[in-house]
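J.:
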Amino acid sequence: MEKPRQVVRKFLARPQHEGVGAVVRRSIGRFELRYFDPFLVLDEFSVSAPSGFPDHPHRGFETVTYMLEGAVTHEDFEGHRGTIKAGDVQWMTAGRGIVHSEMPAGPGTSKGLQLWVNLSSHNKMIEPGYQEIQSKDIASTTSDGVTVRVIAGQSMGVRSPVCTRTPTMYLDFTVRPAGAAAARQPVPAAWNAFVYVLEGEAVFRNGEKAGPHHLVLLGNGDGGIVEVWNKSADKPLRFLLIAGEPIGEPVAQLGPFVMNTEEEIDMTINDFEFNVNGFEKAKHWKSQALVALGVE
Ligand code: FJE
Ligand code: FE
Numbered sequence: 001m002e003k004p005r006q007v008v009r010k011f012l013a014r015p016q017h018e019g020v021g022a023v024v025r026r027s028i029g030r031f032e033l034r035y036f037d038p039f040l041v042l043d044e045f046s047v048s049a050p051s052g053f054p055d056h057p058h059r060g061f062e063t064v065t066y067m068l069e070g071a072v073t074h075e076d077f078e079g080h081r082g083t084i085k086a087g088d089v090q091w092m093t094a095g096r097g098i099v100h101s102e103m104p105a106g107p108g109t110s111k112g113l114q115l116w117v118n119l120s121s122h123n124k125m126i127e128p129g130y131q132e133i134q135s136k137d138i139a140s141t142t143s144d145g146v147t148v149r150v151i152a153g154q155s156m157g158v159r160s161p162v163c164t165r166t167p168t169m170y171l172d173f174t175v176r177p178a179g180a181a182a183a184r185q186p187v188p189a190a191w192n193a194f195v196y197v198l199e200g201e202a203v204f205r206n207g208e209k210a211g212p213h214h215l216v217l218l219g220n221g222d223g224g225i226v227e228v229w230n231k232s233a234d235k236p237l238r239f240l241l242i243a244g245e246p247i248g249e250p251v252a253q254l255g256p257f258v259m260n261t262e263e264e265i266d267m268t269i270n271d272f273e274f275n276v277n278g279f280e281k282a283k284h285w286k287s288q289a290l291v292a293l294g295v296e
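In the UniProt record's numbering, the protein residues as written are 1 to 296.
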């Protein structure tokens with residue numbers, strides 16, 4: 001019998017302002033949890049028009065946007081454009097450079113999660129790209145009261161088609177109430193792993209509990225499996241289990257630019273300012289979202 005991973009720390013992600021008029025609950029990436037290798041940021045966002053994340057750059061990592069409610073339209077300086085809705089995921093590789101806008105689409109509030117996954121030094125300057133998967137195409141299965149949607153990696157015999165440059169597991173579990181059902185997931189011993197609760201109450205082996213908006217860091221000394229129970233009589237439990245292989249390199253970050261050294265950050269600021277080395281198309285581009293708002 002393998003030993004389950006222990007709870008190491010628990011954080012409540014409180015709301016803060018980001019972008020333009022948007023609110024995010026940031027867990028990874030805040031002061032107390034600067035970096036959880038290979039993860040740079042985890043934001044649970046909530047945004048309604050005219051607020052959003054207008055034109056901004058990225059370099060050196062990937063952003064994973066998973067929608068819970070409503071929709072977000074993204075546009076970038078290459079002319080790539082699309083809308084992701086509840087249950088859809090966009091896995092974006094910024095690589096050497098992307099400038100894009102991410103704005104809520106339609107009425108009401110759009111909610112979801114955005115995870116920033118770091119890239120190793122030999123992948124930081126790769127060609128940018130997108131993998132978009134609609135809700136209906138996300139692999140899913142149910143067994144013994146546990147349903148999993150596999151965003152990345154594999155679980156309960158199903159596998160995601162997403163290619164992750166940094167080896168990553170991203171699973172969305174729902175555990176039914178009334179029966180003390182549990183999700184059990186093997187995670188490679190060397191990987192860093194955490195649980196983020198979306199709904200209900202997660203119960204861990206040592207009796208530790210976590211409700212919505214809590215991030216639970218799991219220890220890797222024990223390796224083995226992650227075990228999470230739903231002990232509620234009437235409320236479902238929904239949580240994300242995210243894990244990744246640590247990169248183990250120095251991180252130099254300036255907002256949306258993540259490199260290994262300060263020198264590389266200075267070069268990136270220069271590339272962005274002078275529209276070179278991947279930022280050529282930023283020079284004459286403005287999102288339709290900003291054009292519509294009449295922003296000069
Ligand atoms: C960014 C501030 C930002 N979390 N969650 C600074 F707000 C952003 C940014 C986002 C973001 C976008 C979505 Cl759709 C969801 C987010 C931060 O765009 F990139 C920097 N540098
Ligand atoms: Fe962005």
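Virtual Cβ for every residue (Gly too), placed ideally from N, Cα, C.
Going by the C-beta, is residue 73 closer than 7 Å to any heavy atom of the ligand FJE?
T.: No, Cβ of residue 73 sits at least 7 Å from all heavy atoms of the ligand FJE.
J.: For the beta strand (DSSP E) that contains residue 185, what are its first and last residues?
T.: Segment 182–186, the beta strand (DSSP E) holding residue 185.
J.: Can you grab the Cα-Cα spacing for the pair residue 284 / residue 201, in whole Å?
T.: Roughly 49 Å between the two C-alpha positions.
J.: In angstroms with no decimal places, state the Cα-to-Cα distance between residue 4 and residue 225.
T.: Taking the straight line joining both Cα atoms gives about 5 Å.
J.: Just to be sure I understand the criterion: a residue counts if its Cβ is closer than 7 Å to at least one heavy atom of the ligand FE. Which residues meet that?
T.: Here the list is 53, 56, 58, 63, 100, 102 and 256.
J.: Could you give the C-beta distance for residue 147 and residue 158, rounded to a whole number, given that I count them as a contact under 8 Å?
T.: Their Cβ separation, rounded to whole angstroms, is 11 Å, which puts residue 147 and residue 158 out of contact at 8 Å.
J.: Looking at the structure shown, is residue 290 part of a helix, part of a strand, or coil, going by DSSP?
T.: Three-state DSSP puts residue 290 in a helix.
J.: Please identify the residue among 37, 176, 122 and 78 whose C-alpha is closest to the C-alpha of residue 229.
T.: Closest option to residue 229, Cα to Cα, is 176.
J.: By DSSP's criteria, residue 67 is part of a beta bridge. Which residues make up the other side?
T.: Answer is 112, bridged to residue 67.
J.: Taking the beta carbon of residue 291 as the centre, do at least 16 other beta carbons fall within 10 Å, making it buried, or is it exposed?
T.: Counting Cβ neighbours within 10 Å, residue 291 comes out exposed, since fewer than 16 surround it.
J.: How many angstroms separate the CA atom of residue 187 from the CA atom of residue 169?
T.: Looking at the two C-alpha atoms, the distance is approximately 8 Å.
J.: Cβ of residue 24 within 7 Å of any heavy atom in the ligand FJE?
T.: Yes; taking the cut-off as 7 Å, the Cβ of residue 24 has a heavy atom of the ligand FJE nearer than that.
J.: Can you give me the Cβ contacts of residue 9 inside the same chain, cut-off strictly under 6 Å, excluding the 5 residues immediately before and after it?
T.: Result list for residue 9: 217, in chain order.
J.: In this structure, does DSSP put residue 77 in helix, strand or coil?
T.: The answer is coil: DSSP assigns residue 77 none of H, G, I, E or B.
J.: Pick helix, strand or coil for residue 272, following the three-state DSSP scheme.
T.: Reduced to three states, the DSSP call for residue 272 is helix.
J.: Under 7 Å: does the beta carbon of residue 76 sit that close to some heavy atom of the ligand FJE?
T.: No - the ligand FJE has no heavy atom lying nearer than 7 Å to the Cβ of residue 76.
J.: Run through DSSP, which three-state label would residue 46 get?
T.: Note: residue 46 maps to strand in three-state DSSP.
J.: So the beta strand (DSSP E) residue 56 belongs to, where does it begin and stop?
T.: That run of the beta strand (DSSP E) goes 53–58.
J.: Quick one: Cα of residue 60 to Cα of residue 39, how far?
T.: Their backbone Cα atoms lie some 12 Å apart in a straight line.
J.: Do residue 110 and residue 64 have their C-beta atoms closer together than 8 Å?
T.: Not in contact: residue 110 and residue 64 (Cβ atoms no closer than 8 Å).
J.: By the three-class DSSP mapping on this structure, what secondary structure does residue 127 have?
T.: Here residue 127 sits in coil by DSSP.
J.: Is residue 233 buried or exposed, if buried means 16 or more other CB atoms sit within 10 Å of its CB?
T.: Looking at its Cβ environment, which holds fewer than 16 other Cβ atoms inside 10 Å, residue 233 is exposed.
J.: Considering only DSSP beta bridges, list what residue 162 is partnered with.
T.: Per DSSP, none; premise fails for residue 162.
J.: So residue 295 is in the beta strand (DSSP E); what residue range does that whole segment cover?
T.: Per DSSP, residue 295 belongs to no beta strand (DSSP E) and is neither H nor E.
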